[in-house]
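J.:
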Amino acid sequence: PKKLVLFELNEYNLYSIDKELRKIVANTNSSTEIISALGTVQRQNRVERLMVTHHIDTVYHAAAYKHVPMVEDNIVEGVRNNVFGTLATAEAAINAGVRNFTLISTDKAVRPTNIMGATKRMAELVLQALADRQDSTTFTMVRFGNVLGSSGSVVPLFKEQIRKGGPVTVTHPDIIRYFMLIPEAAQLVIQASAMAKNGQVFVLDMGEPVKILDLAHRMIHLMGFSEKTELNQDGDIEIKFTGLRPGEKLYEELLIGSNVEGSSHPKIMTAKEDKLSWDEMKALLKRLDDCCHRFDDKAVIEIIKNSPTGYCIKND
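Just add 35 to wherever you are in the sequence shown, counting from 1, and you've got this note's numbering.
Here it is in structure tokens:
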């Protein structure tokens with residue numbers, strides 16, 4: 036690209052990626068200009084000014100609170116960032132004449148059992164409604180599972196636990212997750228956004244799911260240690276089961292409906308999802324905003340439960 040604008044709330048993370056990208060630019064003799072800007076996606080005027088100033092053509096919106104238990108304990112802030120942050124950034128993109136806007140979504144948005152997943156599905160609904168409201172900016176959503184090695188993923192956690200001598204913590208012996216490597220995920224997101232029609236939801240082929248317990252076994256052995264069990268008391272690292280956390284599923288789904296179609300790319304599918312009109316979405320967001328302003332967690336949960344997110348608290 037001619038110019039790459041990084042927009043980030045966390046100062047250290049912004050510094051780190053800026054440093055890494057400038058090194059790549061220097062080593063490859065690239066002419067790409069790197070711009071680093073601090074700020075929050077919840078401030079529409081800040082985002083819009085950046086987009087206008089730098090003539091932004093394409094937005095990849097990855098800003099979100101993603102840690103399931105943390106969002107479960109901070110419901111209003113999760114909604115503010117994941118739903119209203121997406122709305123503010125999308126409205127800024129429309130006003131600034133951005134051509135393409137891609138939301139990085141998640142498998143946890145499918146029939147969500149936690150607030151994080153529900154907020155990501157609601158963010159999708161916001162963009163679907165905006166796609167029907169106008170056609171100057173093309174809105175796309177791309178859903179996929181866990182990215183190996185990304186911040187907050189299980190692999191860095193297991194590495195740290197093994198280096199410290201254990202125990203390695205697994206929530207449940209049967210829990211499974213889909214995984215993808217960072218370069219593959221990034222490439223598929225870019226390709227999906229290039230293929231998009233306005234309001235489309237894309238689902239990436241994540242391959243076969245991985246049993247987290249098997250991953251823990253393999254990582255212990257790959258790092259040169261043996262597992263401590265009842266039959267092997269002399270082993271180095273113990274695996275400890277901690278129990279499923281609030282809102283956590285044993286397995287994730289990538290699709291909501293059964294209306295799934297292939298695309299011109301073998302690893303990218305399209306999903307046909309229910310949506311709201313912009314007028315319906317606007318009314319829902321007004322009620323949600325009022326409840327967030329009062330920090331009324333129970334009312335926020337009720338609105339989410341009664342919206343077409345598919346949100347259902349486990350054991351409800």
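C-beta: ideal position from N, C-alpha, C; glycine also.
Since the model is a prediction, treat every value here as computed from it, not as a measurement.
What do you get for Y213, buried or exposed, if any count of 16 or more other CB atoms within 10 angstroms of its CB means buried?
T.: Here residue 213 is taken as the residue at index 178 of the sequence shown, counted from 1. Buried, since its Cβ has 16 or more Cβ neighbours within 10 Å.
J.: For F276, write down the residues that DSSP places opposite it in a beta bridge.
T.: Within the sequence shown, the letter at position 241 stands for residue 276. Paired residues: V205.
J.: Taking L257 as the reference, give the member of W313, M215, R198 with the closest Cα.
T.: For the purposes of this step, residue 257 is taken as residue 222 along the sequence shown, with counting starting at 1. Nearest option by C-alpha distance: R198.
J.: Alpha carbon to alpha carbon, how far is E46 from S65? Give it in angstroms, no decimals.
T.: Translated into the one-based positions of the sequence shown, residue 65 becomes position 30. Translated into the one-based positions of the sequence shown, residue 46 becomes position 11. The straight-line gap from Cα to Cα measures roughly 25 Å.
J.: Would you say the beta carbon of F119 comes nearer than 7 Å to a heavy atom of the ligand FMN?
T.: Among the components modelled here there is no ligand, and therefore nothing to report on the ligand FMN.
J.: In whole angstroms, what is the alpha-carbon distance linking A334 and L49?
T.: For this step, residue 334 is matched to residue 299 along the sequence shown. For this step, residue 49 is matched to residue 14 along the sequence shown. Cα-Cα distance, rounded: 35 Å.
J.: In this structure, what does DSSP give as the bridge partners for L183?
T.: The sequence position of residue 183 within the sequence shown is 148, counting from 1. BP columns for L183 point to L216.
J.: Go to Q79, then tell me how far its alpha helix (DSSP H) extends in each direction, as first and last residue.
T.: Residue mapping note: residue 79 aligns to position 44 of the sequence shown, counting from 1. Per DSSP, Q79 belongs to the alpha helix (DSSP H) from 79 to 88.
J.: Can you tell me whether H90 is buried or exposed? The criterion is at least 16 other CB atoms within 10 Å of its CB, across all chains shown.
T.: Position 55 of the sequence shown, counted from the first residue, corresponds to residue 90. By the neighbour-count rule (16 or more Cβ atoms within 10 Å), H90 is not buried but exposed.
J.: With a 10 Å radius around its C-beta and 16 neighbouring C-beta atoms as the bar for buried, classify I210 as buried or exposed.
T.: Locating residue 210 in the sequence shown gives position 175, counting from the first residue. Classification of I210: buried, given that the 10 Å Cβ count is 16 or more.
J.: Are the segment 221 to 231 and the segment 252 to 268 in contact at 8 Å, needing three or more beta carbon pairs?
T.: no
J.: To the nearest angstrom, report how far apart P343 and I150 are at their CA atoms.
T.: Here residue 343 corresponds to residue number 308 of the sequence shown, with the count starting at 1. Here residue 150 corresponds to residue number 115 of the sequence shown, with the count starting at 1. Pairing P343 with I150, the inter-Cα distance amounts to about 14 Å.
J.: Since V87 and A131 should fall inside the 8 Å C-beta cutoff, what is the C-beta to C-beta distance between them, to a whole number of angstroms?
T.: Translated into positions along the sequence shown, residue 87 becomes position 52. Translated into positions along the sequence shown, residue 131 becomes position 96. With 8 Å as the limit, V87 and A131 qualify as a contact, their Cβ atoms being about 5 Å apart.
J.: Using the C-alpha atoms, what's the distance from N117 back to D271?
T.: Start at 1 with the first residue of the sequence shown, and residue 271 comes out as number 236. Start at 1 with the first residue of the sequence shown, and residue 117 comes out as number 82. Taking the straight line from one Cα to the other gives about 41 Å.
J.: Does the beta-carbon of I110 have 16 or more other beta-carbons within 10 angstroms, so that it is buried, or is it exposed?
T.: Against the sequence shown, residue 110 aligns to sequence position 75. I110 is buried by the Cβ-count criterion.
J.: Span of the beta strand (DSSP E) holding I70?
T.: Locating residue 70 in the sequence shown gives position 35, counting from the first residue. From DSSP, the beta strand (DSSP E) with I70 extends over 68 to 73.
J.: Would you check if the segment 199 to 207 and the segment 149 to 168 touch, i.e. whether three or more CB-CB distances between them fall below 8 Å?
T.: no
J.: Quick check: the Cα distance between D53 and D269, rounded to an integer number of angstroms?
T.: One-based indexing of the sequence shown puts residue 53 at position 18. One-based indexing of the sequence shown puts residue 269 at position 234. Cα to Cα, D53 sits roughly 46 Å from D269.
J.: Specify, as a first and last residue, the run of the beta strand (DSSP E) that E265 falls within.
T.: Here residue 265 refers to the residue found at position 230 when the sequence shown is read from its first residue. Here E265 belongs to no beta strand (DSSP E), and DSSP marks it neither H nor E.
J.: Once you ignore the five residues that flank L323 on each side, which residues in its own chain have a CB closer than 6 Å to its CB?
T.: Taking the first residue of the sequence shown as position 1, residue 323 is located at position 288. Within the same chain, and ignoring the five residues on either side of L323 in sequence, the residues whose Cβ sits closer than 6 Å to its Cβ are I338.
J.: Answer yes or no: do T172 and A128 have a C-beta to C-beta separation smaller than 8 Å?
T.: Residue 172 sits at position 137 when you count from the first residue of the sequence shown. Residue 128 sits at position 93 when you count from the first residue of the sequence shown. In this structure, A128 lies closer than 8 Å to T172 by Cβ.
J.: DSSP has V238 in a bridge; who is on the other side?
T.: Numbered from its first residue, the sequence shown carries residue 238 at position 203. According to DSSP, V238 bridges with R178, M304.
J.: Below 8 Å between beta carbons: does that hold for E315 and V103?
T.: Position 280 of the sequence shown, counted from the first residue, corresponds to residue 315. Position 68 of the sequence shown, counted from the first residue, corresponds to residue 103. Going by C-beta atoms, E315 is not nearer than 8 Å to V103.
J.: Exposed or buried, what is I80 when buried is set at 16 or more other beta-carbons lying within 10 Å of its beta-carbon?
T.: As a position in the sequence shown, residue 80 is number 45, starting the count at 1. It is worth fixing the name first, because residue 80 is Asn in this sequence and not Ile. Exposed, since its Cβ has fewer than 16 Cβ neighbours within 10 Å.
J.: So for S228, helix, strand or coil by DSSP?
T.: Here residue 228 corresponds to residue number 193 of the sequence shown, with the count starting at 1. Three-state DSSP puts S228 in a helix.
J.: Assuming F42 contacts L85 under a Cβ cut-off of 8 Å, what Cβ separation, rounded to an integer in Å, is found between them?
T.: Sequence index remark: in the sequence shown, residue 42 carries index 7 (1-based). Sequence index remark: in the sequence shown, residue 85 carries index 50 (1-based). F42 to L85, Cβ: 6 Å. Contact.
J.: Identify the residues that DSSP records as bridge partners of P173: which are they?
T.: Residue numbering aside, residue 173 sits at position 138 when the sequence shown is read from its first letter. One detail in the question is off: residue 173 reads as Thr in this sequence, not Pro. According to DSSP, T173 bridges with N135.
J.: Is it right to say T63 is buried, meaning 16 or more other beta carbons lie within 10 angstroms of its own, or is it exposed?
T.: Within the sequence shown, the letter at position 28 stands for residue 63. With fewer than 16 Cβ atoms within 10 Å of its Cβ, T63 is classed as exposed.
J.: Where does I110 sit, in a helix, a strand or coil, going by DSSP?
T.: Residue numbering aside, residue 110 sits at position 75 when the sequence shown is read from its first letter. Residue state, collapsed to three classes: helix.
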